[in-house]
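One structure is given here, and the rest of the page talks about it.
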Amino acid sequence: MHIKQIIIQGFKSYKEQTVIEPFSPKCNVIVGRNGSGKSNFFAAIRFVLSDAYTQMGREERQALLHEGSGSAVMSAYVEIIFDNEDGRFPTGKDELILRRTIGLKKDEYSLDRKNATKTDVMNLLESAGFSRSNPYYIVPQGRVTTLTNMKDTERLTLLKEVAGTQVYEARRAESLKIMTETKNKRDKIDELLDYIRSRLKDLEEEKEELRGYQDKDKERRCLDYTLLHREQVKIAERLDEIEEFRQGGTDNMDESREAFIDGENELAALKDEVKQLCNQMELLKIDRRQLEEDRRESARSQAKVELEVKKLADGQSASEQARQRQKQELQAVKKEMSEKDAELAKIIPDYNKAKAEEVEVKSALDASDASRQRLLSKQGRNSQFKSKAERDKWLRKEIEVLNNTLATQKANRMDADEDVKAVQTEIKGLEKEISGLRERLEGWGGNRQALTEQVTNAKDALERLSDDRKVLRREDDKLESITENARREMNRAEQDLAHSMDGATARGLATVRRLKREQNISGAYGTVAELLQVGENYRISVEQTAGNSLFHYIVDNEATATKLAKALYDQHGGRVTFMPLSQLRPRPANFPKANDAIPMLSKIKYDARYENAFQQVFGKTIICPNLTIAGQYARSHGLNAITTDGDTANKKGAMTGGYIDPRKSRIEAVRAAERWREEYDGHRVRATELRREIERKDQEITAAMGDLQKLEQSLRRLDDSFDPLRSELRNKDSHVDQKKDQLDSKVRGRDAVDGMLKQFGDQTEAYDAELASEFKKALTSDEEAQLDELNSSVQDLRSQWNDLSSARRKLENRKNLLEIDIRENLRLKLDQLNNQDADASASGDSHDLKEAQRELKRITKTAAAVDAKLAANESEIERADSETARLRREQAAKEAQQEELAKTMETVKKKMDRSISKKAELTALAAECAKNIRDLGVLPEEAFERFSRMESKQVAKRLERANEALKAFKHVNKKAFEQYASFTAQRETLTKRRKELEASQGAIEELVLVLDQRKDEAIERTFKQVSREFAGVFERLVPAGRGRLVIQRKTDVNLDEEEGAGEGVENYTGVGISVSFNSKHDEQQRIQQLSGGQKSLCALALVFAIQQCDPAPFYLFDEIDANLDAQYRTAVAQMLAAVSAQQSQAASGTLAEGERVMSGQFICTTFRPEMVLVADKTYGVMFGANKTSRVEAVSREKALEFVEGQKP
């Protein structure tokens, strides 16, 4: 085992955390300037491992903390990490971390990062080989000088410490102390035994006198008992009489109290009724004010609307007459139009038929006339041409011209068809548009009426919504009054409740209720009074039993209670006692099994989850019919008992009672406060709902107003569209007429083209036929005959055509007249009348009158309803007023009755109080008699019958004589028998104890002898071992010399240890050192005769010799070579190297079993190069500008360079 690493922070000059590089398990040398912190480094190790820093004051602790510049250091620690691979520390780990932390107020140890006590640490170090009796494994600066200057007697004391004699000395001193205490106890016991023997002799005489006294005292006590018993019987008889009177008075009082309570309840009910009626009257008056306001408003509105109706009605009479005339004219025009339309419909088929016949005859006439003309032309051409070829040439030329003309006419015919179709199509479209415009124009009035009805309905809906909102606002106003009344009642009830408790509790409960509401604390249930229900018969007893516990607040657990209590404290919100259900552990009570003892909890209703709280408050209380029974059960069963009147008897026997005013009930105050609080909260919730409904109604009214505005805007757009529609219809009619004229022109042109096509075609055919015929100068007979036939046919057809044309013209003229009349007269007139009707409709006079009449009807109906409600309201007010007066009369009568009953109860109460006072006086006398009887002590059996037949006067005289006789025994010791028995028992106990002390004294004397013997053996053994090791070590350090230790005795201080080995250690006076540095045979010198360097070498040899006897795991040497010569420094350095090398041998197991040699790790400081040369690892201590030290590993060359630089 060895020190592996050291970490220092805040200790002396090591302010910052200093983590030193791991040490070598062999020899480690530390170099540094004076004042750099080397000694502080060794002090840090001693701070953890030794007893040098114990029981320090504040100043001493402060001295260990760093005091340089910068922030103040409040605590420091030193941590040593041990390599434990060899298992010397019994921790089962390869490494042990030991830390000590110190501050101004703390001093702590830790093992492997866990807190430990100093005792644990020291025991662990002892188990690893750090012996307290051998402190020289740490040699601080100056210790070698101390050993050098040590006297022989001090050196002997050192060897005794190394031998461990402190343990023997401590045990011997403890044993001697026990022997002294034993002797003192034995002497004290002897004194007590002498006193007891003397006292027993005196008590023998006192016992005889006591027997005579006891005989006289027995007679006295019997006489005293006789008199006291007779007085006790008399008092019991008087108490029975008082109890009978009190019982009768109690019964009367109970009846009066019940009647008074019933009267109070009736009076309270009357007050509630009166209050309700007053509130109702207030609300009715509010309704009356609102209804009167509505009536005034309805009257104003009705008058205004009546004036408007009259005005509109007067203005509408003239327009109505004009409208009636216009309506008649419209009907006449429509009738005339329908008649002429019917006539036209009847004429048109005849006209079409006549026209077809005329066309047909005209076609036949034209064909016959053309044939006739062709024959005549042919007849004329025969004389024109000379030859057939000339004729044919002309014919072909004409045929070509005709063909060209036919082609042109056919093209014209096609163009005419297209023109006719286009015009017909356009006419059809215009007629369709006109039909649509007419339908729109004819339906305009209906649409406007429908839209007007929609506007009216929208206005009605808006008025209904406004009425609904007005109702809601009135209800809100009424509810505001009701809420204000409820708030006043709630405040009054809470004030009454606050008066039943102290102010801090009232404020605390109010704060808790607010916190529960704001933070939604589910674990806060309520007070005991709020969570229970009890009948009226047991209310007083429950209130008296609970007392202030009625206002204890029940919560689920301790966390909720702590949270609320902290909030109360932080907010200065008062004081509340909390009852956490999880922390309550009520004990079960022993209830009597009788009908006259009722457990109070059986009469209380509450939630089962509050069982523990109610058991805590009411679990040990029973209800009894009277106070006597209550007191008996309270004493016999250890319970609290109470009557229904509130008289109590606790388990200690105390009784309390008296009249309790049932009107001042705290439970009823809680109920009233809860009731008004719930009613007030309910009204507030309803008010919030009403406001939301009013907001919704406002939104609905806004939406209805928007719909009404949209409908009115649509109506305006419809009115604005009438004139453009009428103008468009006129334009369309004019355009259709133009198109029809154009169509007739196109049709006539097409018919003319058809006639020419037929004529040209027939002419072409005739030319073709003539071209194919022979050339003749005259017509053929057939042609002549055909010509004659055609002439007659033409005449007939022309005559027929003239007749048909005349008939067609007649029909056409009639048709044209009808069409013109319809189109240009009746149609215009109809349009004009329709426009007038539309204008009348658009003017809105009739609509305004209807609207006004409807509004008047509505207002009249509303006014009638308001009058009916006002009449009903007046009736309700009168009824409530009369009912209030009646109830006030009943209340006054009941109050007078209650006052009389209260006086009667007060009189009975005074009598009862006097009887209670007398009873209390007699009870005190009875208790005094009972006490006097108990003071007589245990009476003989004859005391109950011996003087029972003797008169009281004789008993008193005899008692007087007995007391006179007892005066002669006033000096007697009444406790002689008890004292004699007590002293006898003490004598036996002390005699037994003295024998035990004598035996203990002998055992302790033997132990002291054994301890002295063992101490002498340990000193002699240690001296021999240290002397032998000193000689060996000195020889290793000074090979040419020789050294030894010399025991000095009282007889001969010059004899060595071998000469006086058999003598006792008590003859030793000191230990000297005798050495020779030049020869093993020269005469040796005492240490006082040596130089300073030689003395230091001898002191080091003694240290090494002690360590050889009791090796440690490692050694800390601080400048042990400071006073040595060069040759001796080299010898010491080589010895350190050799001893540290044995550490590896011990670790590898090459040493013989059981062999104890000095081996281990060395950590040394020096200013000399010899130790640096043999060191396995070297370190340097540096001191910074801010007064802080640090330790760093350096090379041997750098360490030697530093050491060389420190030489003078």
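Under numbering that gives the first Met the number 0, the first residue of the sequence shown is numbered 0, with each subsequent residue one higher. Glycine residues also receive a C-beta, built at the ideal position from the N, C-alpha and C atoms. On a predicted model such as this, the values are computed, not experimentally measured, just so you know.
CA-to-CA distance, residue j to residue i, given in whole angstroms
i       : j       : result
LEU450  : LEU311  : 21 Å
ASN1185 : VAL28   : 26 Å
ILE858  : LYS849  : 14 Å
GLY1059 : GLN1047 : Because GLY1059 sits at a pLDDT of 38, beneath the cut-off of 50, its placement in the model cannot be relied upon, and the following sentence gives the value as read from the coordinates. Between GLY1059 and GLN1047, the C-alpha separation is close to 9 Å.
PRO624  : HIS571  : 45 Å
SER386  : GLU782  : 20 Å
ALA1002 : GLN1012 : 16 Å
LYS956  : ARG256  : 53 Å
ARG45   : GLY36   : 14 Å
ALA980  : ASN931  : 29 Å
SER370  : LEU364  : 10 Å
ILE347  : LEU817  : 11 Å
LEU1135 : PRO1112 : 14 Å
ASN1053 : GLY1069 : With a pLDDT of only 45 at ASN1053, under the threshold of 50, the placement of this residue in the model should not be trusted, and no figure is reported.
PRO598  : GLY618  : 8 Å
GLU963  : ARG196  : 35 Å
GLU667  : GLU920  : 37 Å
GLU254  : GLU535  : 15 Å
VAL907  : LEU227  : 34 Å
VAL1025 : TYR1114 : 18 Å
Span of the alpha helix (DSSP H), counted from its first residue to its last, around residue i
i       : result
LYS650  : First-last for LYS650: undefined, no H or E at that position.
SER1073 : Here SER1073 belongs to no alpha helix (DSSP H); instead the beta strand (DSSP E) covers 1067-1075.
THR144  : 142-147
ASN27   : That residue, ASN27, is in no alpha helix (DSSP H); its beta strand (DSSP E) goes 26-31.
GLU1208 : Nothing can be reported for residue 1208: it is not among the residues displayed for the chain, which extend from 0 to 1207.
THR559  : 557-570
ILE628  : 626-636
ILE819  : 780-819
ALA1100 : 1091-1108
Residue interval of the beta strand (DSSP E) (run including residue i)
i       : result
TYR537  : Here TYR537 belongs to no beta strand (DSSP E), and DSSP marks it neither H nor E.
THR1177 : 1176-1182
TYR52   : Neither: TYR52 is in no beta strand (DSSP E) and is coded neither H nor E.
GLN1160 : 1160-1164
ASN114  : 113-115
TYR1114 : 1113-1117
TYR552  : 552-554
ALA640  : 639-642
Whole-Å CB distance - residue i paired with residue j, under 8 Å assumed
i       : j       : result
ILE398  : ASP761  : No, ILE398 and ASP761 are not in contact; Cβ-Cβ is about 13 Å, not under 8 Å.
LYS814  : TYR350  : 5 Å
SER548  : THR642  : So it is not a contact: roughly 19 Å between Cβ atoms.
VAL1074 : PHE1033 : 6 Å
LEU786  : LEU401  : Between LEU401 and LEU786 the Cβ distance is about 22 Å, and since that is not below 8 Å, they are no contact.
GLU1016 : GLN1107 : That belief does not hold up - the Cβ atoms of GLU1016 and GLN1107 are roughly 20 Å apart, past 8 Å.
Bridge partner(s) assigned by DSSP for residue i
i       : result
TYR766  : For TYR766, which the question treats as bridged, DSSP gives no partner whatsoever.
LYS352  : DSSP output for LYS352 lists no bridge partner at all.
ASP82   : HIS1, GLU94
MET654  : ALA648
ARG1085 : SER1073
LYS6    : What sits at residue 6 in the sequence shown is Ile, not Lys. VAL18, GLU78, per the DSSP bridge assignment.
ASP106  : ILE101
GLU1191 : GLY1179
GLN1047 : GLY1069
ASN277  : Note on residue identity: the sequence assigns Cys, not Asn, to residue 277. Partner(s): none; CYS277 has no beta bridge.
LEU64   : PHE10
Chain D within 9 Å of residue i, Cβ atoms only
i      : result
ILE285 : Included in the structure is just one protein chain, with no chain D present.
*Which ranges does the beta strand (DSSP E) cover as unbroken runs of at least 3 residues, wholly within the region 574-602, from first to last along the chain?*
577-579
*Ordered list of beta strand (DSSP E) runs contained in the region 448-533, each at least 3 residues*: 523-526
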